[in-house]
């Protein structure tokens, strides 16, 4: 089946009814990058029988070693389904080689820089064409970094965004001994011979998937001792000063990969007059010190974190906490 788009080839590969939600899976072929084999899967969740009254568009972007299932489980649960039931027009993007997006010819050399320069602008253009309104964007961990990169690099017009939410995303905290130049160089050299980094190597359990070696090499460069969040001469972090969309940064008090202070530092890079941050932990009155995954998938997230996100998306401010 073909989808109507004047931008580039788009196939509607499936259209299913999942309970009271519709699940439409599109495959985009933007043909805008050096690798012409790239195809991007984009899943839309909507309320059945309500296509004539779509809510505000919202794009959810997964992190590393993940896919759309972090937002929408095989059983029809998750933050994506919850926000669709709340009336948002939810779009689940999967980066090249992840989830339903086929592995491209240059899979091993995929980088977040490619997501930022080519893939996210294509996704934004298609969602904008379908919805005729700026979309809210929410990125988890590396997904948030990809959004920061595309905005800081000027690849995506901020006018296409209604708001930006970063969950557990940071660019300033070095990662242990790999921050030492010799060890980082050796790790990057060894990865040049690898197609991918298997989720199992890192002890990640069921539901996680492999990551292209190029993305991991890029991350090692960013978080090395002399690393910089950018590509070539471009400093994406500096470019964020020109971004003025409303931004929310969520951090987990128990998140060692993205400490709250580092998440706050990324938020402060933005030139947005409307910036909010919140650390999800017991000191702030939450039931637990949330980790990076638990803030979205934990047993307490549904009743504590998800309503906060919904409120922010509707009002561009956080609710007052008792």
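Residue numbers (the UniProt record's numbering): 1 to 322. All residues carry an ideal CB built from backbone N, CA and C; glycine is no exception.
Closest to residue i by C-alpha separation, out of the options, would be which residue?
i, options, result
"residue 298", "280, 275 and 313", "280"
"residue 300", "282, 208 and 74", "282"
"residue 353", "122, 239, 131 and 47", "The shown model of the chain, from 1 to 322, leaves out residue 353, and the question about it has no answer."
"residue 64", "96, 233, 41 and 49", "96"
"residue 76", "159, 235, 166 and 22", "22"
"residue 117", "168, 292, 159 and 31", "31"
"residue 266", "288, 241, 287 and 290", "241"
"residue 314", "158, 93, 235 and 89", "89"
"residue 55", "66, 134, 103 and 120", "134"
"residue 5", "230, 129 and 165", "129"
"residue 307", "85, 9 and 269", "85"
"residue 68", "194, 24 and 271", "24"
"residue 110", "91, 290, 49 and 33", "33"
"residue 7", "124, 194, 264 and 94", "124"
"residue 312", "221, 78, 166 and 102", "166"
"residue 377", "271, 159 and 278", "This structure leaves residue 377 out entirely; the chain is present only between 1 and 322."
"residue 10", "160, 229, 115 and 101", "101"
"residue 324", "270, 194 and 104", "The structure shown does not extend to residue 324, since the chain is modelled only from 1 to 322, so the question has no answer here."
"residue 292", "264, 259 and 284", "259"
"residue 263", "142, 91, 17 and 87", "142"
By the three-class DSSP mapping on this structure, what secondary structure does residue i have?
i, result
"residue 274", "coil"
"residue 137", "strand"
"residue 178", "Its pLDDT being 49, under 50, residue 178 is placed unreliably in this model, and the coordinates cannot settle the point."
"residue 38", "coil"
"residue 212", "strand"
"residue 186", "Residue placement at residue 186 is flagged as unreliable, the pLDDT there being 48, under the threshold of 50; a coordinate-derived value is accordingly withheld."
"residue 289", "coil"
"residue 234", "strand"
"residue 90", "strand"
"residue 165", "strand"
"residue 252", "strand"
"residue 339", "The structure shown does not extend to residue 339, since the chain is modelled only from 1 to 322, so the question has no answer here."
"residue 327", "Residue 327 lies beyond the stretch modelled for the chain, which goes from 1 to 322, so this question has no answer here."
"residue 311", "helix"
"residue 268", "helix"
"residue 150", "helix"
"residue 297", "helix"
"residue 142", "helix"
"residue 128", "helix"
"residue 320", "coil"
"residue 302", "helix"
"residue 80", "helix"
"residue 160", "helix"
According to the Cβ coordinates, are residue i and residue j closer than 8 Å?
i, j, result
"residue 156", "residue 58", "no"
"residue 296", "residue 140", "yes"
"residue 237", "residue 171", "yes"
"residue 40", "residue 122", "yes"
"residue 152", "residue 251", "no"
"residue 27", "residue 38", "no"
"residue 80", "residue 60", "yes"
"residue 304", "residue 286", "yes"
"residue 126", "residue 42", "yes"
"residue 321", "residue 276", "no"
"residue 106", "residue 210", "no"
"residue 108", "residue 212", "yes"
"residue 208", "residue 66", "yes"
"residue 154", "residue 239", "yes"
What are the residues that DSSP puts in a beta bridge with residue i?
i, result
"residue 47", "21"
"residue 59", "91 and 137"
"residue 16", "23"
"residue 279", "251"
"residue 197", "211"
At a cut-off of 7 Å, would you count residue i as near the ligand NAD, judging by its Cβ distance to the nearest heavy atom?
i, result
"residue 75", "What this structure holds is no ligand at all, so the ligand NAD is not there to describe."
Does chain C have any CB closer than 8 Å to the CB of residue i?
i, result
"residue 229", "The question asks about chain C, but that chain is absent: this structure has only one protein chain."
Are the stretch 216–225 and the stretch 254–262 touching, with three or more C-beta to C-beta distances below 8 Å? no
Contact between the stretch 244–253 and the stretch 208–223 is defined here as three or more beta-carbon pairs at a separation below 8 Å; is this criterion met? no
Are three or more beta carbon pairs between the stretch 147–161 and the stretch 70–81 nearer than 8 Å? no
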